[in-house]
Amino acid sequence: MDSRFIDVKVNGNSMWPTLRDGDIVRFEIIDLNLIKPNLIVLFKHPFKKNFNLIKRISAIEDEEVFLVGDNPDPNASEDSHNFGCINIKDIIAVITENDS
Numbered sequence: 008m009d010s011r012f013i014d015v016k017v018n019g020n021s022m023w024p025t026l027r028d029g030d031i032v033r034f035e036i037i038d039l040n041l042i043k044p045n046l047i048v049l050f051k052h053p054f055k056k057n058f059n060l061i062k063r064i065s066a067i068e069d070e071e072v073f074l075v076g077d078n079p080d081p082n083a084s085e086d087s088h089n090f091g092c093i094n095i096k097d098i099i100a101v102i103t104e105n106d107s
């Protein structure tokens with residue numbers, strides 16, 4: 008497999024209905040200058056070491072990124088509503104187009 012790609016198993020329902028618990032999703036490591044709102048990204052949790060999350064980019068201002076889950080239940084997602092914005096450098100990869 009090309010080292011630009013990472014396959015990740017979805018754990019939880021925060022991205023439902025777009026992604027479901029147990030789905031295997033392919034992410035691509037890209038230039039951070041290509042990051043834009045509405046992309047689904049894999050990123051480093053801001054407070055939990057060695058723990059990654061999958062969320063959708065809601066907004067970007069300078070180097071700060073606001074991330075949200077797709078699940079309409081506000082209690083279903085640990086996202087920027089809980090931990091605030093993350094630095095764009097904490098984004099690891101973006102979902103490949105054929106998966107979103």
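Taking our numbering, the leading residue of the sequence shown gets 8, the next gets one more, and so forth. We treat Cβ as the ideally placed atom computed from N, Cα and C, and that holds for glycine. Since this is a predicted model, take the numbers as computed values, not measurements.
Short Cβ contact (7 Å threshold) for F73 with S84 = no
query = With which residues is E71 paired in a DSSP beta bridge?
reply = E68 and N94
Three-state class that DSSP yields for L39 in the structure shown = helix
ask   = What is the DSSP secondary structure of N18, counted as helix, strand or coil?
value = coil
ask   = Do you know how far the Cα of V17 is from the Cα of V101?
value = 14 Å
ask   = By Cβ distance, which residues of its chain are closer than 7 Å to D106, with the 5 residues on each side in sequence left out?
value = For D106, the pLDDT reaches just 47, beneath the cut-off of 50, and the residue's location in the model is therefore unreliable, leaving the point undetermined.
DSSP three-state assignment for N59, whether helix, strand or coil = strand
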